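Colleague:
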Amino acid sequence: MTINQSGWRPTMTEKGGESAASTFTGNKALMLEEALIFEIGSTETTGVDFTGTPAESDAAMPAKAYLAGLEREAPIGLPGLSEPEAVRHYTRLSRQNYAIDLGLFPLGSCTMKHNPRLNEKMARLPGFADVHPLQPVDTVQGALEVIHQLAHWLVTLTGMHSVAMSPKAGAHGELCGILAIKAALAARGEDRRVILVPESAHGTNPATAAFAGFAVEDIPATADGRVDTAALKARLGPDVAGVMITNPNTCGLFERDLKEISDAVHAAGGYVYCDGANFNAIVGRVRPGDLGVDAMHINLHKTFSTPHGGGGPGSGPVVLSEALTPYAPLPFVEQRDGRFELVEEETAGEHHAASFGRMVAFHGQMGMFTRALTYILSHGADGLRQVAEDAVLNANYVLRSLEDVLDAPFGGAGPCMHEALFSDANLAEGFSTLDVAKGLIDEGYHPMTVYFPLVVHGAMLVEPTETESKAALDQFVGALRSVAERAKAGDPALKTAPHFAPRSRLDETQAARKPVLVWKDAEPALAAE
Amino acid sequence: MRYLPLTPSDRDAMLATIGVASIDELFVDVPEAARLSGPIAGLPDHASEIAVERHMTALARKNIAAGDGPFFLGCGAYRHHVPASVDHLIQRGEYLTAYTPYQPEIAQGTLQMLFEFQTQVARLLGTDVANASMYDGSTACWEAIGMARRITRRGKAILSSGLHPHYVSVARTMAKYTGDVLETGTPELVPDTDYHALAEAIDADTSCVVVQYPDILGRIGDLKPLAEACHAKKALLIVVVTEPVALGALKSPGEMDADIVVGEGQSLGVGLQFGGPYVGLFGCKEKYVRQMPGRLCGETVDADGRRGFVLTLSTREQHIRREKATSNICTNSGLCALAFSIHMTLLGEKGLRDLARVNHGAAAAAAERLQMVPGVTLVNTSFFNEFTLELSQEARPVVRQLAENGILAGVSLGRLYPGEGSLANGLVVAVTETTTAGDVDALAGALEEVLK
Numbered sequence: 004m005t006i007n008q009s010g011w012r013p014t015m016t017e018k019g020g021e022s023a024a025s026t027f028t029g030n031k032a033l034m035l036e037e038a039l040i041f042e043i044g045s046t047e048t049t050g051v052d053f054t055g056t057p058a059e060s061d062a063a064m065p066a067k068a069y070l071a072g073l074e075r076e077a078p079i080g081l082p083g084l085s086e087p088e089a090v091r092h093y094t095r096l097s098r099q100n101y102a103i104d105l106g107l108f109p110l111g112s113c114t115m116k117h118n119p120r121l122n123e124k125m126a127r128l129p130g131f132a133d134v135h136p137l138q139p140v141d142t143v144q145g146a147l148e149v150i151h152q153l154a155h156w157l158v159t160l161t162g163m164h165s166v167a168m169s170p171k172a173g174a175h176g177e178l179c180g181i182l183a184i185k186a187a188l189a190a191r192g193e194d195r196r197v198i199l200v201p202e203s204a205h206g207t208n209p210a211t212a213a214f215a216g217f218a219v220e221d222i223p224a225t226a227d228g229r230v231d232t233a234a235l236k237a238r239l240g241p242d243v244a245g246v247m248i249t250n251p252n253t254c255g256l257f258e259r260d261l262k263e264i265s266d267a268v269h270a271a272g273g274y275v276y277c278d279g280a281n282f283n284a285i286v287g288r289v290r291p292g293d294l295g296v297d298a299m300h301i302n303l304h305k306t307f308s309t310p311h312g313g314g315g316p317g318s319g320p321v322v323l324s325e326a327l328t329p330y331a332p333l334p335f336v337e338q339r340d341g342r343f344e345l346v347e348e349e350t351a352g353e354h355h356a357a358s359f360g361r362m363v364a365f366h367g368q369m370g371m372f373t374r375a376l377t378y379i380l381s382h383g384a385d386g387l388r389q390v391a392e393d394a395v396l397n398a399n400y401v402l403r404s405l406e407d408v409l410d411a412p413f414g415g416a417g418p419c420m421h422e423a424l425f426s427d428a429n430l431a432e433g434f435s436t437l438d439v440a441k442g443l444i445d446e447g448y449h450p451m452t453v454y455f456p457l458v459v460h461g462a463m464l465v466e467p468t469e470t471e472s473k474a475a476l477d478q479f480v481g482a483l484r485s486v487a488e489r490a491k492a493g494d495p496a497l498k499t500a501p502h503f504a505p506r507s508r509l510d511e512t513q514a515a516r517k518p519v520l521v522w523k524d525a526e527p528a529l530a531a532e
Numbered sequence: 062m063r064y065l066p067l068t069p070s071d072r073d074a075m076l077a078t079i080g081v082a083s084i085d086e087l088f089v090d091v092p093e094a095a096r097l098s099g100p101i102a103g104l105p106d107h108a109s110e111i112a113v114e115r116h117m118t119a120l121a122r123k124n125i126a127a128g129d130g131p132f133f134l135g136c137g138a139y140r141h142h143v144p145a146s147v148d149h150l151i152q153r154g155e156y157l158t159a160y161t162p163y164q165p166e167i168a169q170g171t172l173q174m175l176f177e178f179q180t181q182v183a184r185l186l187g188t189d190v191a192n193a194s195m196y197d198g199s200t201a202c203w204e205a206i207g208m209a210r211r212i213t214r215r216g217k218a219i220l221s222s223g224l225h226p227h228y229v230s231v232a233r234t235m236a237k238y239t240g241d242v243l244e245t246g247t248p249e250l251v252p253d254t255d256y257h258a259l260a261e262a263i264d265a266d267t268s269c270v271v272v273q274y275p276d277i278l279g280r281i282g283d284l285k286p287l288a289e290a291c292h293a294k295k296a297l298l299i300v301v302v303t304e305p306v307a308l309g310a311l312k313s314p315g316e317m318d319a320d321i322v323v324g325e326g327q328s329l330g331v332g333l334q335f336g337g338p339y340v341g342l343f344g345c346k347e348k349y350v351r352q353m354p355g356r357l358c359g360e361t362v363d364a365d366g367r368r369g370f371v372l373t374l375s376t377r378e379q380h381i382r383r384e385k386a387t388s389n390i391c392t393n394s395g396l397c398a399l400a401f402s403i404h405m406t407l408l409g410e411k412g413l414r415d416l417a418r419v420n421h422g423a424a425a426a427a428a429e430r431l432q433m434v435p436g437v438t439l440v441n442t443s444f445f446n447e448f449t450l451e452l453s454q455e456a457r458p459v460v461r462q463l464a465e466n467g468i469l470a471g472v473s474l475g476r477l478y479p480g481e482g483s484l485a486n487g488l489v490v491a492v493t494e495t496t497t498a499g500d501v502d503a504l505a506g507a508l509e510e511v512l513k
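Protein sequences, first through last, are from chains A and B.
Count the first sequence with our numbering and you get residues 4 to 532, in order.
Count the second sequence with our numbering and you get residues 62 to 513, in order.
(1) Quick one: which residues of the segment 107 to 123 of chain A get their C-beta closer than 9 angstroms to a C-beta of chain B? List them in chain order.
(2) Taking only beta-carbon atoms, is L431 (chain B) less than 9 angstroms away from chain A?
(3) Of all the residues that make up the segment 203 to 214 of chain A, which are near chain B by a beta-carbon distance shorter than 9 angstroms?
(4) DSSP puts A298 (chain A) in a beta bridge; with which residues?
(5) In the structure shown, what three-state DSSP assignment does C113 (chain A) receive?
(6) Where do the ends of the alpha helix (DSSP H) carrying T376 (chain B) lie?
(7) Touching or not, the segment 394 to 410 of chain A and the segment 461 to 471 of chain A, by the rule of three or more beta carbon pairs under 8 angstroms?
(8) Would you mind sorting D264 (chain B) into buried or exposed? The rule is 16 or more other CB atoms within 10 Å of its CB.
(9) Tell me, please, whether the CB atom of K294 (chain B) is closer than 9 angstroms to any CB atom in chain A?
(10) Tell me whether the beta-carbon of L256 (chain A) lies closer than 9 angstroms to the beta-carbon of G287 (chain A).
(11) Could you name the residues of the same chain whose beta carbon sits closer than 6 angstroms to that of A528 (chain A), not counting the 5 residues immediately before and after it, in chain order?
(12) Listed from N- to C-terminal order along the chain, which residues in the segment 233 to 252 of chain A have their beta-carbon within a distance smaller than 8 angstroms of any beta-carbon of chain B?
(13) In the DSSP assignment, find the unbroken alpha helix (DSSP H) run with V486 (chain A) in it and report its ends.
(14) Quick one: grab the DSSP three-state call for A464 (chain B).
(15) Following the continuous beta strand (DSSP E) through A423 (chain A), name the residue where it begins and the one where it ends.
(16) Under 6 angstroms Cβ to Cβ from F401 (chain B), same chain only, skipping five residues before and after it: list those, please.
(17) Could you give the C-beta distance for D104 (chain A) and T158 (chain B), rounded to a whole number, given that I count them as a contact under 8 angstroms?
(18) Interface residues of chain A around P162 (chain B) at Cβ under 9 angstroms?
(19) Should the segment 479 to 492 of chain B be called in touch with the segment 242 to 250 of chain B, which here means at least 3 C-beta pairs below 8 angstroms?
(20) Are V143 (chain B) and F53 (chain A) closer than 9 angstroms when you measure CB to CB?
(21) Hey, out of A:N252, A:A218, A:E258, whose CA is closest to V243 (chain A)'s CA?
(22) Should D407 (chain A) be labelled buried (16 or more other beta-carbon atoms within 10 Å of its own) or exposed?
(23) Check F359 (chain A) in the structure and name its three-state DSSP category.
(24) Which of helix, strand or coil does DSSP assign to A419 (chain A)?
(25) Between the Cα of T449 (chain B) and those of B:P66, B:D71, B:G223, spot the shortest distance and give me the residue it belongs to.
(26) Just checking, does the segment 367 to 376 of chain B make contact with the segment 105 to 120 of chain B on the three C-beta pairs under 8 angstroms criterion?
(27) The alpha helix (DSSP H) that contains D266 (chain A), what's its start and end?
(28) N486 (chain B) by DSSP, collapsed to three states: which one?
(29) Shorter than 9 angstroms from the beta carbon of S381 (chain A) to some beta carbon of chain B?
(30) Using CA atoms only, rank isn't needed, just tell me which of A:A71, A:L424, A:P518, A:P109 is closest to L284 (chain B).
(31) Have a look at B:C291, B:C202, B:A505, B:M75 and flag the residue whose alpha-carbon is nearest the alpha-carbon of V302 (chain B).
(32) Determine the burial state of S45 (chain A): buried for a count of at least 16 other Cβ atoms within 10 Å of its Cβ, exposed for fewer.
(33) For Q99 (chain A), count the other beta carbons within 10 Å of its own beta carbon; 16 or more makes it buried, fewer makes it exposed. Which is it?
(34) Of the residues A:H175, A:P82, A:Q144, A:L497, which one's Cα is nearest the Cα of P316 (chain A)?
(35) Would you mind giving the Cβ-Cβ distance between A428 (chain A) and E316 (chain B), rounded to the nearest angstrom? I have them listed as a contact below 8 angstroms.
(36) For A168 (chain B), count the other beta carbons within 10 Å of its own beta carbon; 16 or more makes it buried, fewer makes it exposed. Which is it?
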């Protein structure tokens, strides 16, 4: 059954859109419109054949079915496409995406660096890609060795005691660290209820602490964009479980006082969680362990180049201090007598009884571990140090090349780390950071992070990363300068940008007021039960 | 360094523009004591592609891959054939190297794909709506338990003994901190699910009942009476599906009135990958959508009236709500969701039903063959592509012994439930479209040999 028999064309207003050429298809040469699979597919079309499948000869529905009388009889409503149609559908859709492969992607705090293709090739070796998580450990020694080797690099690069590899992403890693802190406090018989979080923190920090049952209290920032050390110290006490600090912080600045803060927190009986989202700025130049950190997640999809994939998968291993190591989650890998063992519930009782438990079904993001290890081995200790230096160099170059045209609230105080922060202070009346961002889209760039961190009005956070050439930075600087000048001059065309993207500004209010989250068929016969 | 474009003269020119004499001046905010003067000792320096490839390939060769011989493992991760075009398409840079679609005007590719994914997942699970993915099935499961607590304002979750023990472990970890009380048990090697006992256990404090369908032993039970029992006590029914291909043959949990349905989507498009990354599926009734965790993609229009897609209802999420968010999840499993969605689109309804039929047929033939082996009893009277055998001796050493002969025989319950003597002889065997009759014969022959 064809789900959409009417033939599809993009919905247009009578004016067809200010920038839309009026073509029959809605396409504009290489800018191609694409219908939904529910409009072009049919439930009888398939791109997969089963004739001659190994198991097919057994697979006429067996004489006796074992489905408990629960056969699915009603139509499901899943459209299929033949392979040529599917390849075309997803290829056409892909062209409506911006990506690192297309150009500089200066999304602050997200570290959008080049994703080396060797990583992809290695992750697809059958010995990694086609291995089941519950195989006997003798048959997966190579997989466990990958985890072990990556763990060694992460521990050494951070100067920490151990690493929990299983967290699935940065926020999951935060949870791991916070649960380890909670377990450590419980082991001391203490029920401390408060986690201190600076105003400039990522939203995941307070969400994580709250999930773990802590009360979250804000710590203000100083005028130079850093944690107010005096205010933080003043708040320490027997009810404070710990602090969550991002370093380098979300203003792109190094928290100079972190060691002093850590010492004070430890003296007051608390623990220090460091959000390692910005580790790229310091890898090979600073070890968080030297700053008194107790737990820090590392986003392998940031510093160690595993692809972001349009929103994941990530991977968030958490390095731990000696104090928190006994509480690390299961499972983890140990080397004993040249053999790699997987410590799970069964064996944990013997020598890891204090573990706070399991966070995921299996062993973490193995596919990301192989990619990250490949990246790390490619760079080596010398290359990783160069990564941090070039990332910081590129960000400072952008900062100094634009501070005459955009307000850089902390630019006067000294260098930034891996990202340059600007505000909307110099824009014309009625023009906002959003307009600058949308103007950059027309220039062929993904915008920087906007309106974050919250401590700066109309924040624009630019993280170029080390994988950009000077020529690429010069062109980006030229483009952002041009857009900023238009915003300062009050160019009305900027208010309706982007003009050249596949879509103009989208109505997010309507999307939220009357949410349409799934396709609804016209034919009632196919409506979901 | 092949990944670093700056040349030494570029660096000098840029330092001059910045107005500093050396790179060290840019790290001036790092306290003296914490500055490392050179590369960290004891770690190797950078290496060529050839050298890295040699190193990684040697590691990969130390593993036995599923394709190396007869293979029967399941229990939450399944070996299925993934069409070649899936991996080709997800490696397009526009998908692979894009970020979360925060700028919808230049992310319609990812957003439209997510809208299609949400619809496919909702239809597969039989729910009104679905989100844009979670990390995996196990984390989706505990997020669902938390969601039930928020909806019902009750704190006791009753977990089926047939729920994957690692999912139970994850829920138990989280419950220690959220204050949920979990009631759970160990499965018995009997043909029936524990749904009936679960229905009896529901009381006025129960937020939800969580069952797996088919369950950890492969058994299938009717969810409808359980849903009715839940709703009679104003509790929610959460159903966990670890093998989505099963829903090409079995009634969906939504059809049987489950309130929240979560799943592990790994079977379609993603591959085994030693346990991750996978993709969590999360669907529910429409009335609960504002309590859902995770990202949601919604349809809207642009300023020119053209249809487009955006991330929506983000007032549930951490970047807006901070400590009041429904979850702390940020990055999810976008690229795996894409792989799932492409595979599902290639299958379509016809292909999914064919795939399910082939799986069930092959599993039925295997079950009938294996229970002929002396010392082997088939526990199940119902199953989809995975069933439990009770051996005449402990299954775990048998699995190890067969692995030495190149046969990956299944998952022993001793591995999943260490210390549970009553389950030690249990072996869970999964059979998919990748399994040949010869593989089954090899397993039967090897079992016969070992159990003599």
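Ideal Cβ placement from N, Cα and C applies to all residues, glycine included.
Being a predicted model, the structure only gives us computed values, none of them experimental.
Modeller: Taking the geometry as given:
(1) So the list reads F108, L110, C113, M115, K116, H117, N118, P119, R120, L121, E123, given in the order they occur along the chain.
(2) Closer than 9 angstroms to the CB of L431 (chain B) there is not a single CB belonging to chain A.
(3) Those residues of the segment 203 to 214 of chain A that come within reach of chain B (Cβ to Cβ, closer than 9 angstroms) are A204, H205, G206, T207, N208, P209, A210, T211, A212, A213, F214.
(4) Looking at the DSSP assignment, A298 (chain A) forms a beta bridge with A:Y276, A:L323.
(5) Coil, per DSSP.
(6) Run containing T376 (chain B): none; DSSP gives neither H nor E here.
(7) Enough Cβ pairs lie closer than 8 angstroms, so yes.
(8) D264 (chain B) comes out exposed.
(9) No - not a single Cβ of chain A is within 9 angstroms of the one on K294 (chain B).
(10) Their beta carbons are not under 9 angstroms apart, which means L256 (chain A) does not touch G287 (chain A) by this criterion.
(11) Unreliable placement is indicated for A528 (chain A), whose pLDDT of 46 sits below 50; the coordinate value is still reported in the next sentence. Counting only Cβ-Cβ distances below 6 angstroms, and skipping sequence neighbours, we find nothing.
(12) Listed by position, the residues of the segment 233 to 252 of chain A near chain B (Cβ gap below 8 angstroms) amount to none.
(13) From DSSP, the alpha helix (DSSP H) with V486 (chain A) extends over 473 to 492.
(14) A464 (chain B): helix per DSSP, three-state reduction.
(15) If you look at A423 (chain A), you'll find it in the beta strand (DSSP E) that goes 423 to 425.
(16) In the same chain as F401 (chain B), and ignoring 5 residues on each side of it, the C-beta atoms closer than 6 angstroms to its own belong to G326, L329, G330, V340, in chain order.
(17) The pair is a contact, with the Cβ atoms about 5 angstroms apart (cut-off 8 angstroms).
(18) Chain A residues near P162 (chain B): N100, G313, G314.
(19) Yes: the two stretches touch, three or more of their Cβ pairs being nearer than 8 angstroms.
(20) No, the Cβ-Cβ distance between V143 (chain B) and F53 (chain A) is not below 9 angstroms.
(21) Ranked by Cα distance from V243 (chain A), the options A:N252, A:A218, A:E258 are led by A:A218.
(22) Around the Cβ of D407 (chain A), a 10 Å sphere holds fewer than 16 other Cβ atoms; the residue is exposed.
(23) In the three-state reduction of the DSSP assignment, F359 (chain A) falls in the coil class.
(24) A small fix is needed here, since residue 419 (chain A) is Cys in this sequence, not Ala. Secondary structure at C419 (chain A): coil, using DSSP grouped into helix, strand and coil.
(25) When each option's Cα is compared against that of T449 (chain B), the closest is B:G223.
(26) Touching, no.
(27) For D266 (chain A), the enclosing alpha helix (DSSP H) covers residues 261 to 270.
(28) Reduced to three states, the DSSP call for N486 (chain B) is coil.
(29) Yes - at least one Cβ of chain B is within 9 angstroms of the one on S381 (chain A).
(30) Looking at the Cα atoms, A:A71 is the closest of the given residues.
(31) The option with the nearest alpha carbon to V302 (chain B) is B:C202.
(32) So S45 (chain A) counts as buried.
(33) Buried.
(34) The residue with the shortest Cα to Cα distance from P316 (chain A) is A:H175.
(35) A Cβ-Cβ distance of about 57 angstroms is found for the pair A428 (chain A) and E316 (chain B), leaving them out of contact under the 8 angstroms criterion.
(36) So A168 (chain B) ends up on the buried side.
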